[in-house]
Structure formats: C-alpha cells, structure tokens
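*Asks:* For the record, in the first sequence the residue sitting at position 195 is 247 according to this note's numbering, with numbers rising by one throughout.
Before I ask anything, here is the structure I am working with.
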Amino acid sequence: MVMKGRVIPRDFYRKDPLLVARRLLGQLLVRLWKDVRISGIIVEVEAYYGSEDPASRASRGGTLAKVMAGECGRALVYGVHGQWLLNVVAHEPGEVGAVLIRALEPLEGIEMMMENRRVRDIRSLTSGPGRLTRALVVDKSFNGKPLYTRNYGLWIEWGCEIRDELIVRSHRVGVREDLNEPMRLYVKDNPFVSRP
DNA sequence: CGCCAGATTGACT
DNA sequence: GTCAATCTGGCGG
53 MVMKGRVIPR DFYRKDPLLV ARRLLGQLLV RLWKDVRISG IIVEVEAYYG SEDPASRASR
113 GGTLAKVMAG ECGRALVYGV HGQWLLNVVA HEPGEVGAVL IRALEPLEGI EMMMENRRVR
173 DIRSLTSGPG RLTRALVVDK SFNGKPLYTR NYGLWIEWGC EIRDELIVRS HRVGVREDLN
233 EPMRLYVKDN PFVSRP
C-alpha cells in the first residue's frame, strides 16, 4: 500500500465503530519503548457502541462513556480483571463508540515483548487484549492520548490490506449480554487470534 | 469508604 | 475442559 509506514490520521476513526474495526485489521500498532520499536499487526478487534450496547461500559455512564463520546483516534485504556485493555475511540459525529484491540501478530521488538511477558511460546505473546498491553507496556497513562501522532510513543500506522475472504465475523468474547449483530472481527487461520 | 461485577489470564485436572 | 486470582471503576452508604 502507498500509505504504508505512515501514521493513520484522525479522520480514519470518524466512522461507525464496526467499519473502523474492519479497516483496522492488518494495520500496525506501534510502541516506542526504550528507543526500541515494538509493533504488531492487528489481527483481532471488537466494536463497541454507546448506551444502546449492553456490553459497552459506555452504557453505564461515568468516565469511560465520556472518553468514548469524545475525540476520535484517542486511546481508551481501562482495567478489567487486573489487565489493561486498549481501545481506540471511533464513531460518527455526535455518536459514541470505540474499537477494542484484542490481538496482534508480533512484528518488531519481539525480544523486548518476550522480556515483558516472560513466556516461551511466541503465540501467547500478544494473543489477547490483556496480553498485548503487557507486551507493549501500555497502561492507564495512555488513556485519552491521541494515537494519530507519534508524540506519545504509541500510535497506529498503515500496514497491509486484508481481503474480505480472510475476515471472520463472530460474537464478542466474554460479554454477558451481546448485541444481535456480531461485532468481533478477526483474520482467518491467524495463529495469534485469541482463544474463542 | 466498602462492595462487587467484569470487554481476562494462566495454571491445573 | 475447569477454576480462581486479579484490581479498577461505578455506585451505594
């Protein structure tokens, strides 16, 4: 792709969360940590909406809802079950939404990730929302930070295009009450997709 | 402040 | 496959 290697601009995220989720597959999540580029290809995502979405934390109000209603392209980081989960705020103007990044295929800085995660098997490095934040050293301090600039050491850049035939759509993982529409997307047969 | 559910993980049968 | 440790944020007192 022509744009490969460039940071994805803010306007990319000003769309319906499911559409943004689809377009995020194949792009690169990059973390600059200790002068080392740690990155991975996004291979699994989930779309979340506002008050109409029973699985969304935004439907319960509070700080998270505010961030999800705020500026697109910013990180939304919050804790569940002792893990930090990384989302990108994404929605149409006046709406509420975000995309959860659930799994990466490790690309650069793999040794650094291994150090951060202390695992033997490379397949468990970044195959889960809590795992990838540990591997890339992402925590609450990134909450609200823009991901459309390199300024904060965490951003998303153009990677590769993934054909429609390679994309699987399913219901979201770990939610009590899901929407009728499946909101989870992942790359078919990719070994780094989290366990269903 | 205490309570508790939850967009999870890793260890174990 | 099962199961409990984990800890933040929302909410009630």
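The beta-carbon is built from N, C-alpha and C at its ideal position, and this holds for glycine as well.
Nothing here was measured: the structure is a model prediction, and the numbers come from that model.
Can you list, in chain order, the stretches of the beta strand (DSSP E) that have 3 or more residues and sit fully within the region 70-127?
*Replies:* Those beta strand (DSSP E) runs which fall completely within the region 70-127 and span 3+ residues are 80-85, 88-100.
*Asks:* Does DSSP put PRO61 in a helix, in a strand, or in coil?
*Replies:* As a position in the first sequence, residue 61 is number 9, starting the count at 1. Note: PRO61 maps to coil in three-state DSSP.
*Asks:* Determine which residues share a DSSP beta bridge with ILE153 and list them.
*Replies:* Translated into the one-based positions of the first sequence, residue 153 becomes position 101. Note: ILE153 sits in a beta bridge opposite VAL97.
*Asks:* I'd like to confirm the pairing. Which residues does DSSP put opposite GLY131 in its beta bridges?
*Replies:* As a first step, residue 131 is located in the first sequence; it is residue number 79 there, counting from the start. According to DSSP, which records beta bridges pairwise, GLY131 is partnered with TRP136.
*Asks:* Which residue marks the beginning of the beta strand (DSSP E) containing LEU206, and which one marks its end?
*Replies:* Walking along the first sequence from the start, residue 206 turns up at place 154. Taken as a continuous stretch (DSSP letters only), the beta strand (DSSP E) holding LEU206 covers 206-209.
*Asks:* Whole angstroms is fine: what's the gap from ARG138's alpha carbon to PHE194's?
*Replies:* Position 86 of the first sequence, counted from the start, is the residue given in the question as residue 138. Position 142 of the first sequence, counted from the start, is the residue given in the question as residue 194. According to the sequence as given, residue 138 is Leu; it is not Arg. Approximately 9 Å between the Cα atoms of the pair.
*Asks:* Kindly confirm or deny that the region 118-125 and the region 137-151 touch, where touching means at least three C-beta pairs closer than 8 Å.
*Replies:* Contact holds: three or more Cβ-Cβ distances are below 8 Å.
*Asks:* With a threshold of 8 Å on Cβ separation, who are the neighbours of TYR252 within its own chain once the five nearest residues in sequence on each side are excluded?
*Replies:* The shown model of the chain, from 53 to 248, leaves out residue 252, and the question about it has no answer.
*Asks:* Counting pairs of beta carbons, one from the region 100-107 and one from the region 173-187, are three or more of them closer than 8 Å?
*Replies:* Judged by Cβ distances under 8 Å, the region 100-107 makes no contact with the region 173-187, as fewer than three pairs qualify.
*Asks:* In angstroms with no decimal places, state the Cα-to-Cα distance between ARG228 and SER91.
*Replies:* Residue mapping note: residue 228 aligns to position 176 of the first sequence, counting from 1. Residue mapping note: residue 91 aligns to position 39 of the first sequence, counting from 1. Roughly 31 Å separates the two Cα atoms.
*Asks:* Can you round the beta-carbon distance between TYR204 and VAL95 to whole angstroms, since I take them to be within the 8 Å contact cut?
*Replies:* Sequence index remark: in the first sequence, residue 204 carries index 152 (1-based). Sequence index remark: in the first sequence, residue 95 carries index 43 (1-based). About 23 Å; that fails the 8 Å criterion.
*Asks:* In chain order, what residues of the same chain have a beta carbon less than 6 Å from the beta carbon of TRP192, not counting five sequence neighbours either side?
*Replies:* Sequence index remark: in the first sequence, residue 192 carries index 140 (1-based). What sits at residue 192 in the sequence shown is Lys, not Trp. Cβ neighbours of LYS192 beyond the five flanking positions: VAL129.
*Asks:* Which class does ARG236 belong to by DSSP, given the choice of helix, strand or coil?
*Replies:* The residue you call residue 236 lines up with position 184 of the first sequence. ARG236 falls in the strand class under three-state DSSP.
*Asks:* Compute every distance between the C-beta of VAL72 and the non-hydrogen atoms of the ligand MN, then say whether any falls below 7 Å.
*Replies:* Judged by which ligands are present, the structure shown has none, so any question about the ligand MN falls away.
*Asks:* Leaving aside the five residues before and after SER222 along the sequence, list all residues of the same chain whose C-beta is less than 6 Å from its C-beta, in chain order.
*Replies:* Counting from 1 along the first sequence, the entry for residue 222 is found at position 170. Cβ neighbours of SER222 beyond the five flanking positions: PRO234, ARG236.
*Asks:* Return helix, strand or coil for PRO248, following the three-state DSSP convention.
*Replies:* As a working note, residue 248 is residue 196 in the first sequence. PRO248: coil per DSSP, three-state reduction.
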